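Undergrad: The sequence shown begins at 241 in our numbering and counts up one residue at a time.
We put the CB at the ideal spot given by N, CA and C, even for glycine.
Because the structure is a prediction, the values reported are computed rather than measured.
Take this structure first; my questions come after.
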Amino acid sequence: VTIPAKWVRENKLNPGDELELNEHDNSLMLSLAAIPREETISIDIRKLYKKTINWILAAAYKRGYDKVVVTYRNNGQLKIISERIKECLKSYEIVEQTNSSIIIKAISTAQDEDFSTLLRRIFLVNLSFFRIVLEALENKKYNELLDSAYLEETNDSLVNTCQRIIVKNRRLPQKDICF
Numbered sequence: 241v242t243i244p245a246k247w248v249r250e251n252k253l254n255p256g257d258e259l260e261l262n263e264h265d266n267s268l269m270l271s272l273a274a275i276p277r278e279e280t281i282s283i284d285i286r287k288l289y290k291k292t293i294n295w296i297l298a299a300a301y302k303r304g305y306d307k308v309v310v311t312y313r314n315n316g317q318l319k320i321i322s323e324r325i326k327e328c329l330k331s332y333e334i335v336e337q338t339n340s341s342i343i344i345k346a347i348s349t350a351q352d353e354d355f356s357t358l359l360r361r362i363f364l365v366n367l368s369f370f371r372i373v374l375e376a377l378e379n380k381k382y383n384e385l386l387d388s389a390y391l392e393e394t395n396d397s398l399v400n401t402c403q404r405i406i407v408k409n410r411r412l413p414q415k416d417i418c419f
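Here it is as structure tokens:
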């Protein structure tokens, strides 16, 4: 079996380069082997407020950025970033900090094979959450509703990680992604 010479030239392939071969029904799809590369984005949040900062950080995480350089205005904004990472962006860590900027890096990566486990865990967390809420409402113990808030944070974190896996493993074309 040979590969079209035009495709080899366009993709700058050399003898011994690895390709990925996917089978679907009676078709074969040949693509370049995934070469992990660090994707970086710079974000200026100096004029933004908490809700927008949280949304932008989550978007960068879900889009699969491995390195995020953030320019911030004050310690209040730094605290918002730190809390968001701790609550929902589990593989991110602040690795470098100055008085006006930080570098956030993905220190661990969830793999494609983790997706099914994480998705199952999302359903189990939601099931637990709804049971707690239903029981509290039925027994008119409304103060117990606050006790289930940690499950929402767990769910958010798991969903963010699943969305990141989808992007990082290119299950969808980049232009089609809008979480």
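Buried or exposed: where does ALA346 fall if 16 or more other Cβ atoms within 10 Å of its Cβ makes it buried?
TA: buried
Undergrad: To the nearest whole angstrom, what separates the beta carbons of VAL310 and ILE321, a pair I think is in contact under 8 Å?
TA: 6 Å
Undergrad: Just list the alpha helix (DSSP H) runs in the region 249 to 323, keeping only unbroken ones of 4 residues or longer that don't cross its boundaries, in chain order.
TA: Listed in chain order, the alpha helix (DSSP H) elements of length 4 or more contained wholly in the region 249 to 323 are 290 to 302.
Undergrad: Can you list, in chain order, the residues of its chain whose CB lies under 7 Å from that of VAL286, leaving out five sequence neighbours each side?
TA: Per the sequence shown, the amino acid found at residue 286 is Arg instead of Val. Once the five neighbours on either side are set aside, the close Cβ partners of ARG286 are THR311, TYR312 and ARG313.
Undergrad: With distance defined between alpha-carbon atoms, name the residue in ILE343, GLU323 and VAL399 nearest to ARG360.
TA: Relative to ARG360, the option among ILE343, GLU323 and VAL399 whose CA is nearest is VAL399.
Undergrad: State the Cα-Cα distance for the pair LYS415 and PRO255, rounded to the nearest angstrom.
TA: For LYS415, the pLDDT reaches just 48, beneath the cut-off of 50, and the residue's location in the model is therefore unreliable, although a value from the coordinates is still provided. Straight-line Cα distance between these residues: approximately 32 Å.
Undergrad: Let me know the secondary structure DSSP gives ALA376 once reduced to three states.
TA: helix
Undergrad: Would you kindly work out how many angstroms separate the C-alpha atoms of ALA282 and GLU392, rounded to a whole number?
TA: Just to set this straight, residue 282 is Ser in the shown sequence, not Ala. SER282 and GLU392: Cα-Cα distance of roughly 29 Å.
Undergrad: Helix, strand or coil: how does DSSP classify LYS246 here?
TA: helix
Undergrad: What do you reckon, are the CB atoms on LEU364 and VAL373 nearer than 8 Å?
TA: no
Undergrad: When the Cα of GLU279 is compared with those of TYR289, PHE355 and GLY304, which residue comes out closest?
TA: GLY304
Undergrad: Helix, strand or coil for GLN403, going by three-state DSSP, please let me know.
TA: helix
Undergrad: Check the C-beta distance from LYS307 over to ILE342 and give it rounded, since I have them as a contact under 8 Å.
TA: Not really, about 11 Å apart at Cβ, beyond 8 Å.
Undergrad: From ASN262, SER271 and HIS264, pick the residue whose C-alpha is nearest to that of GLU250; which is it?
TA: SER271
Undergrad: Just how far apart, CA to CA, sit SER356 and ASP396?
TA: Approximately 16 Å between the Cα atoms of the pair.
Undergrad: Judging by CA-CA distance, which residue of TYR289, GLU353, LEU297 and THR292 is the nearest neighbour of ILE334?
TA: LEU297
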